[in-house]
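Engineer: Residue numbers (the UniProt record's numbering): 1 to 991. Cβ coordinates follow ideal geometry from the N, Cα and C atoms, glycine included. Got a structure here, written out as structure tokens. Questions coming.
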């Protein structure tokens, strides 16, 4: 019985489908075209069209090249399979079933092959165009000047060439596999391959075709084995958990993969010869493939496993030591740790020096916590409800009247979310409330009597010289204070007027009357001109907003500002950079500019440890004004670029900072050689605001917790590893303490520097192990470690915080700050500052009222200690008083004061010294003295056990007992004084 053909779609149905497909394609292309055109306009505005054209052309060429190759390979094999079909086919039920498909395919075979090839080529091209970065680095990469320790090949091969070669190999595998599957299907449909019937299951032509493809696949496998040898240097193999080839890899896997590569070549030849020239069947080719698989298991699996178990494991540390050394050295080189200076620092835990208050570094300790005072900035310097300073402020330094010190700074921007419902219409959001105004700054070590920062710049309206909480004039003067580009600029805005006299943009409150407003018209070159009808129509479609065409606010002089966030702008003009999560504003040359740190990264540095950027940079501040980095795994990182974004006109400038970075040189070459401004051309007033980048420092700090150990045997044991401590005031949350910017001079440093500092503790312990700092010396980055001796126990941040807040001298005063629950006590950054012989700890204490909604935390006290963190503790109104109080304790205390209350005496006298004549003790007084002694013993026991909760309870009990003792003394003043209790223990006991 003849098979009936498959039903065909009606002419109307075909037309309908064609129209729908055409409309879909038209709108898709229109969307792509509008996106590409508006991107071009934006890149043209910022003068980075070479980036736009370079990336676009590269992606297009890769799409066409790989797509065309894939389409041709697959299409050619499909067509060849059809041409090799047998002219005569045996009669069978199988062939009868296939005949109906042949009737459909044969008349339009060219169309079917073309369609399949185009689909395959399209998806292959889509995959290829995303590898534009690999291709650009492959074409433009230069030597690193460093060789890998195994093959002695320049590292540039792994960074610039290996990723693309691996991708192209994958493309080859995909092309062959698709060709095999497609050809097998065509051979089967047209009778070249048969599953039923008598005689051969495969024609000679089909066998030759398919076995040749299989042989090519095996040859590609040989190439893969060669690349696998290099890949061993990039994978996690070395014990314990390090990257690179270990003993087993070098002595077993490397030769095994070389042997397997040769075997693959032999098998490929055998497949072709035996299947087509000698035996003309698939028996020996099948045997060859089976032998290859067995060899891969035996040589590439069992043999290395045996070496690992019987040679390496019995003496693991000795066998792996040379390879651990390779990983240590490569990791330190890849992340810029190789020149880290290590200084042994011995903290004496003595009394505060008499000249402590005169120490310049101590005077420069930052009190203002950028995270806690943002709300105080907003409420004090807001002027209008829609102004905002963000969740976290920034720290920079300025030189005023010859004195350089830290300042906490914030850009006053418009927060669109704070506009009222009436202000949120399209006209207001996009043409009226277009920009912020001013950089507000406050010295980092100074507050007013109310606890507010002392403001020195960025005043609006009548706030200038307001009371004692601000300077009389702007001490940090911005000639152009308007901020059209900022971290809170999420909306596009339209600026510019045909009539310069017409002013519609809200600018600032009037100086004499803060309730009245000054208006402004933008005068700069920022933004894309949209005066023509065509451009307005394009942006109307892109933003789905008809007001671009209908509103009178859009005119022939209008300019459209979009992509206004500084981080987004730099990422767009430099897509090859990873941008630091904390951009900061600075006044440079009379203008407000945003400064950003750009990192070049790689994933294929041989033997270097691979880390996840998001994980390694996450700490207490992440998400609180600092952006989380992308979840990229990298094993090479350089702060190669300092970028700036002009807050007024959006100009983006990329400055070279690491002149030796080969990755940056490759990218600069890829985009014409003039993308990056040379380091020598960085303006001096700009470079004076550069600071050691926070995210890079966090990565380096985390790596140094292990890779400060350079001896492989010690590294293997892990006994000298460190860890980053948790936030001191909430260690139970498991959130890491962030590093802090300070303008100080640390021990062994010749001068004061603006540096990023952080403490680390021994692994699984809470005492201090070292202090790490990052700064710039002569324009070059410098990492330094002050390492504490193992036999010296110095309190870590968590311990210090607990000891300070539980100290009897200050615990009751801290409790009073909460006003019986009417306020919340918040602790700012705990700064650990090493001085010449010991460590000074400074922790600001903020109070936030619970009775007022959105109350700002105010700095009320400064909690300070010296030495072990618990012996010399003071709680004062400001930094100066705190330093003076600590110095006074050091002068008057022969033995460190613990703050145990006693009869009023001069600090340093011993209230427990018994009188010459034995006193008469009444029963009540004796009991009170015994209670004091017991409380002291309980405190000693809690300190020795390291139980901070019990220490707090014991301190409270001691305070109550001493008060009771003093009351009974006063009541029996007419009798001889009773015996005093024994002296209270030092707060360092048991530490």
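Would you decide whether residue 139 is buried or exposed? Buried here means 16 or more other CB atoms lie within 10 Å of its CB.
Structural biologist: When all chains shown are included, residue 139 counts as exposed.
Engineer: Give me, in chain order, the residues of the same chain whose beta-carbon lies closer than 7 Å to that of residue 308; leave out the 5 immediate sequence neighbours on both sides.
Structural biologist: 248, listed in sequence order.
Engineer: In terms of residue numbering, what span does the alpha helix (DSSP H) encompassing residue 159 cover?
Structural biologist: Here residue 159 belongs to no alpha helix (DSSP H), and DSSP marks it neither H nor E.
Engineer: So, at 7 Å on beta carbons, what are the nonlocal neighbours of residue 1012 in its own chain, with the 5 sequence-adjacent residues on each side left out?
Structural biologist: A query on residue 1012 cannot be resolved here, the shown segment of the chain reaching from 1 to 991 and no further.
Engineer: Rounded to whole angstroms, how far is the Cβ of residue 788 from the Cβ of residue 694, which I believe are closer than 8 Å?
Structural biologist: Actually they are not in contact, since the Cβ atoms of residue 788 and residue 694 sit about 24 Å apart, beyond 8 Å.
Engineer: Cα separation between residue 509 and residue 646?
Structural biologist: Approximately 23 Å, taken between the alpha carbons.
Engineer: Have a look at residue 736 and residue 727 and give me their C-alpha separation to the nearest angstrom.
Structural biologist: Cα to Cα, the separation comes out at about 5 Å.
Engineer: Helix, strand or coil: which one does DSSP assign to residue 1017?
Structural biologist: The structure shown does not extend to residue 1017, since the chain spans only 1 to 991, so no value can be given for it.
Engineer: Per DSSP, which one or two residues make a beta bridge with residue 600?
Structural biologist: The partner list for residue 600 (beta bridge, DSSP) reads 638.
Engineer: In whole angstroms, what is the alpha-carbon distance linking residue 948 and residue 357?
Structural biologist: Note that residue 948 scores a pLDDT of 47, beneath 50, so its modelled location is shaky and nothing firm can be said.
Engineer: Based on Cα-Cα distance, which residue from 351, 858, 433 lies nearest to residue 994?
Structural biologist: Because the chain in this structure spans residues 1 to 991, residue 994 falls outside the shown range and cannot be described.
Engineer: Which residues bound the beta strand (DSSP E) around residue 561?
Structural biologist: It spans 559-561 - the beta strand (DSSP E) in which residue 561 sits, taken as one unbroken run.
Engineer: Rounded to whole angstroms, what is the Cα-Cα separation between residue 546 and residue 45?
Structural biologist: Those two C-alpha atoms are separated by around 24 Å.
Engineer: Would you tell me roughly how many angstroms separate the C-alpha atoms of residue 817 and residue 747, rounded to the nearest one?
Structural biologist: Rounded to whole angstroms, residue 817 to residue 747 spans 36 Å at the Cα level.
Engineer: Counting only runs that start and end within the segment 67-146, where is the alpha helix (DSSP H) found for 4 or more residues in a row?
Structural biologist: Runs of the alpha helix (DSSP H) inside the segment 67-146: 93-105, 109-129, 132-140.
Engineer: Would the beta-carbon of residue 339 fall within 7 Å of that of residue 716?
Structural biologist: No, the Cβ-Cβ distance between residue 339 and residue 716 is not below 7 Å.
Engineer: So what does DSSP say about residue 904, is it helix, strand or coil?
Structural biologist: For residue 904, the predicted structure reports a pLDDT of 33, less than 50, and the residue's modelled location is therefore unreliable. The matter cannot be settled from this model.
Engineer: For the alpha helix (DSSP H) containing residue 22, name the first residue and the last one.
Structural biologist: Segment 11-46, the alpha helix (DSSP H) holding residue 22.
Engineer: Exposed or buried, which one is residue 123 when buried takes at least 16 other CB atoms within 10 Å?
Structural biologist: Exposed, because fewer than 16 other Cβ atoms sit within 10 Å of the Cβ of residue 123.
Engineer: Can you check the segment 782-859 for any alpha helix (DSSP H) of at least 4 residues that lies completely inside it and give the ranges in chain order?
Structural biologist: The qualifying runs are 797-806, 808-817.
Engineer: Taking the alpha carbon of residue 574 as the reference point, which residue from 55, 242, 402 has its own alpha carbon closest?
Structural biologist: Per the Cα distances, 55.
Engineer: My output table needs one value for residue 413: the three-state DSSP class, helix, strand or coil.
Structural biologist: Three-state result, residue 413: strand.
Engineer: Between the C-alpha atoms of residue 101 and residue 125, what's the straight-line distance to the nearest angstrom?
Structural biologist: Cα to Cα, the separation comes out at about 30 Å.
Engineer: Quick check on the burial criterion: 16 or more other C-beta atoms within 10 angstroms. Buried or exposed for residue 103?
Structural biologist: Under this definition residue 103 is an exposed residue.
Engineer: Just curious, the beta strand (DSSP E) that residue 754 is in, first and last residue?
Structural biologist: That run of the beta strand (DSSP E) goes 753-762.
Engineer: Determine the direct distance from the alpha carbon of residue 678 to that of residue 366, and round the result to whole angstroms.
Structural biologist: About 34 Å.
Engineer: Does residue 900 pass the burial test, meaning 16 or more other C-beta atoms within 10 Å, or should it be called exposed?
Structural biologist: Only weak support is given to the placement of residue 900: the predicted model assigns it a pLDDT of 36, under 50, and the question is left unresolved by the model.
Engineer: Would you mind reading off the limits of the alpha helix (DSSP H) that contains residue 547?
Structural biologist: Residue 547 -> alpha helix (DSSP H) spans 547-550.
Engineer: Which word fits residue 992, buried or exposed, when buried means at least 16 other C-beta atoms lie within 10 angstroms of its C-beta?
Structural biologist: Outside the displayed range of the chain (1 to 991) lies residue 992, so it cannot be described from this structure.
Engineer: Tell whether a beta-carbon distance below 7 Å holds between residue 369 and residue 867.
Structural biologist: In this structure, residue 867 does not lie closer than 7 Å to residue 369 by Cβ.
Engineer: Find out if the Cβ-Cβ distance for the pair residue 484, residue 584 is shorter than 7 Å.
Structural biologist: No, these two residues do not count as a Cβ contact at 7 Å.
Engineer: According to the Cβ coordinates, are residue 256 and residue 300 closer than 7 Å?
Structural biologist: The answer is yes: Cβ separation under 7 Å.
Engineer: Rounded C-beta distance between residue 786 and residue 345? I'm assuming under 8 Å.
Structural biologist: The pair is a contact, with the Cβ atoms about 4 Å apart (cut-off 8 Å).
Engineer: Only counting the same chain, and skipping five residues up and downstream in sequence, which positions put a Cβ closer than 8 Å to that of residue 503?
Structural biologist: Within the same chain, residue 503 has close Cβ partners 497, 519, 520, 521.
Engineer: Which first and last residues belong to the alpha helix (DSSP H) in which residue 333 is found?
Structural biologist: Here the alpha helix (DSSP H) through residue 333 covers 316-334.
Engineer: In terms of residues, what are the limits of the beta strand (DSSP E) holding residue 569?
Structural biologist: Looking at the DSSP string, residue 569 is not in any beta strand (DSSP E); the run it does join, the alpha helix (DSSP H), is 566-573.
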